[in-house]
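These notes concern the structure reproduced below.
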DNA sequence: CGAATTGATACTTTCTAGGCATCGAACAAG
DNA sequence: CTTGTTCGATGCCTAGAAAGTATCAATTCG
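Residue numbers (the working numbering), protein chains in the order written: chain A, 801 to 1112; chain B, 801 to 1112.
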């Protein structure tokens, strides 16, 4: 059921009426508006017809607002004010000075690259608000094509079609184990030394590729760990390790602020590698200046801590 | 310094764009708006030019909002919604179903006619809000021509030019005196019996005519009272009488709810008369339907308690 | 590779805002 | 009371803009 254009008046009518209401004088109002007085009279009369209520009492010697006119003025003043600021607002949005970017990240990102990026970005683009949500890799890979997030910091398994990514970090995982664990006294470990110790890991669905790569690394070392618990976010795994539920993987960068009851030990020989990238929909940075600004800051920080070459 | 019309766009542009943003489809949006598709494309393009920012990304197969477009939608949705309700709102204001009336009154009015009027008016016109302020007669006579109040309940001394009035009440004043006063045992009093007893009265500036008429009445009775205190609002005079500061005038109607420590006694012979009228600017009831509705209710109540004829 | 769909463009028609001239009413000055 | 001035409204004409029709270019899908 097509419905016709719903307004029988437009902004011109409202602006003209506002000026008449301010001056209560058609001739002077017309002068201010740079139109002839008859045009103004007609527009106001049209507005009254469109609204179905008289707005002014004209006695050819005095113009006064009716109650309806008073009510109209009160309602359109804020509307006109907000509309008059629109072009400036939208231009600043379009130029990236103002806006918002929805960003997802994993625990590793927040433990490493993200804090300095955020600090720098807020300093350079104070008008842009970031919406930050911790989210597993798999969820980010779903949310990115949907446009639910503008960019994500995650750990890809294979190239994702339609996404552009930039590697920010590559690190070999080490092991986090309780301080009173038999192996805790060692400087470093080998995977096979862990035997079939109980493991705390993230849910496989959150990053199946990396999950399977971890199991494959164990398998190549000839051992099969018992997965005791699957927990997320990653920070909670530390709590489980501390309470003796098992051991877990972690990157060196992420292990800075471990509680005293647990220790981090690097792995010698084969070890699963974590790769942190920032990813966004290909081409979306062209349409979203705020995102582009954010990615530029990310790129600047990626350049600083460029990681050495290595296998995927 | 004449300034040109400030908007390079109008409501049509905004409504058209809103529909495209909702459907993300020019053809269907055009159908909904009951216009041809080229017209819609042009209007949206014009809006983008007027705002100086691209609002949509068109890939001939997919239409998406840019950040600026998203920001625009968020800002204009409430504006369009409020504007679309304007005709209905203004018609109800113009018809008197919705509105406000500023009313001033004196203590006598609130003690007598006003409560039933207010009850009745709110029942019949629930959409009209009354702004009620107690105010002396003189202040009301200043505020009425200014339009600061729409109508007032006061005690006129002489006809006021430009005002229409309707008499609501005529009453001979009596005397309020402490219960332990020597004259309190009498059924009624004469003015001259009060001699030069201390009096509590309202400030002369609040109603010079009535004030002088009171003094003249004393003078005709051959006595001259001492004005000990001038106090306002009237209700406070009762407190002063109670504490023995003097005696005061009051209308019988107003004396209903006196505290037990004071008594009311009518006056025999000469006594100042209080006349309560409702007044409004001549002709203003024609322009203000809410006021007209209020005055109709007042008139209905005035008819009920029509006072008998008597001297002004 | 052809058919269909989408949004943009060219051209014409229709509508409307604006300007000019003028009118009737109301107030002011004499 | 008369005359002149000022105010907003009205009639007529022109110019500009919006809408409709027809068509194009690009993309998608079978």
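Even for Gly, the Cβ is constructed at its ideal location relative to N, Cα and C.
Proximal residues to residue i (C-beta, below 6 Å), its chain only, five neighbours per side dropped
i                       : result
residue 920 of chain B  : 1097
residue 1095 of chain A : 1085
residue 873 of chain A  : 821
residue 975 of chain A  : 989, 1047 and 1065
residue 843 of chain B  : 813 and 816
Alpha-carbon to alpha-carbon, residue j and residue i
i                       : j                       : result
residue 1074 of chain A : residue 1015 of chain A : 14 Å
residue 819 of chain A  : residue 932 of chain B  : 31 Å
residue 1099 of chain A : residue 848 of chain B  : 31 Å
residue 1109 of chain B : residue 970 of chain B  : In this prediction, residue 1109 of chain B scores a pLDDT of 36, lower than 50, which makes its location untrustworthy; no coordinate-derived value is stated.
residue 871 of chain B  : residue 940 of chain A  : 24 Å
residue 1063 of chain A : residue 979 of chain A  : 6 Å
residue 1076 of chain B : residue 908 of chain B  : 8 Å
residue 983 of chain A  : residue 944 of chain A  : 41 Å
residue 953 of chain B  : residue 864 of chain A  : 25 Å
residue 913 of chain B  : residue 893 of chain B  : 27 Å
residue 878 of chain B  : residue 869 of chain B  : 15 Å
residue 825 of chain B  : residue 835 of chain B  : 14 Å
residue 998 of chain A  : residue 1018 of chain A : 13 Å
residue 1056 of chain B : residue 897 of chain B  : 35 Å
CB contact check: residue i to chain B, cutoff 9 Å
i                       : result
residue 934 of chain A  : no
residue 883 of chain A  : yes
residue 949 of chain A  : no
residue 890 of chain A  : yes
residue 930 of chain A  : no
residue 979 of chain A  : no
residue 812 of chain A  : yes
residue 1094 of chain A : no
residue 946 of chain A  : no
residue 1097 of chain A : no
residue 809 of chain A  : yes
residue 1070 of chain A : no
residue 838 of chain A  : no
residue 853 of chain A  : yes
residue 886 of chain A  : yes
residue 1089 of chain A : yes
residue 1052 of chain A : no
Status (buried if at least 16 other CB within 10 Å, exposed otherwise) for residue i
i                       : result
residue 1091 of chain B : buried
residue 855 of chain B  : buried
residue 996 of chain B  : exposed
residue 1088 of chain A : buried
residue 810 of chain B  : buried
residue 1112 of chain B : Low confidence applies to residue 1112 of chain B: its pLDDT is 29, below 50, so where it sits in the model is not reliable, and the reading given next is rough at best. Residue 1112 of chain B is exposed by the Cβ-count criterion.
residue 866 of chain B  : buried
residue 1083 of chain B : exposed
residue 884 of chain B  : exposed
residue 956 of chain B  : buried
residue 1049 of chain A : buried
Interface flag, residue i vs chain A, CB-CB below 9 Å
i                      : result
residue 908 of chain B : no
residue 806 of chain B : yes
residue 803 of chain B : In this prediction, residue 803 of chain B scores a pLDDT of 44, lower than 50, which makes its location untrustworthy; the coordinate-derived value is nonetheless stated afterwards. Yes, its Cβ sits closer than 9 Å to a Cβ of chain A.
residue 877 of chain B : no
residue 845 of chain B : no
residue 927 of chain B : no
residue 965 of chain B : no
residue 858 of chain B : no
residue 899 of chain B : yes
residue 863 of chain B : no
residue 893 of chain B : yes
Identified DSSP bridge partners for residue i
i                       : result
residue 904 of chain B  : B:933 and B:952
residue 964 of chain B  : B:1080
residue 1014 of chain A : Answer by DSSP bridge pairing: none, since residue 1014 of chain A is not bridged.
residue 742 of chain A  : As shown, chain A starts at 801 and ends at 1112. That puts residue 742 of chain A outside it, with no answer to give.
residue 972 of chain A  : A:1073
residue 917 of chain B  : According to DSSP, which records beta bridges pairwise, residue 917 of chain B is partnered with nothing at all.
residue 999 of chain A  : A:1027 and A:1047
Residues of its chain near residue i, where Cβ-Cβ distance is below 8 Å and the 5 sequence neighbours each way are ignored
i                       : result
residue 815 of chain A  : 833 and 880
residue 1067 of chain B : 972, 973, 974, 975, 988, 989, 990 and 991
residue 1032 of chain A : 936, 1002, 1003 and 1006
residue 1058 of chain B : 976, 1038 and 1064
residue 905 of chain A  : 914, 932, 933, 934, 935, 952, 953 and 954
residue 938 of chain A  : 1005, 1006, 1007 and 1008
Chain-order list of residues whose beta-carbon lies under 7 Å from that of residue i (same chain, five-residue window excluded)
i                      : result
residue 962 of chain B : 945, 1081 and 1082
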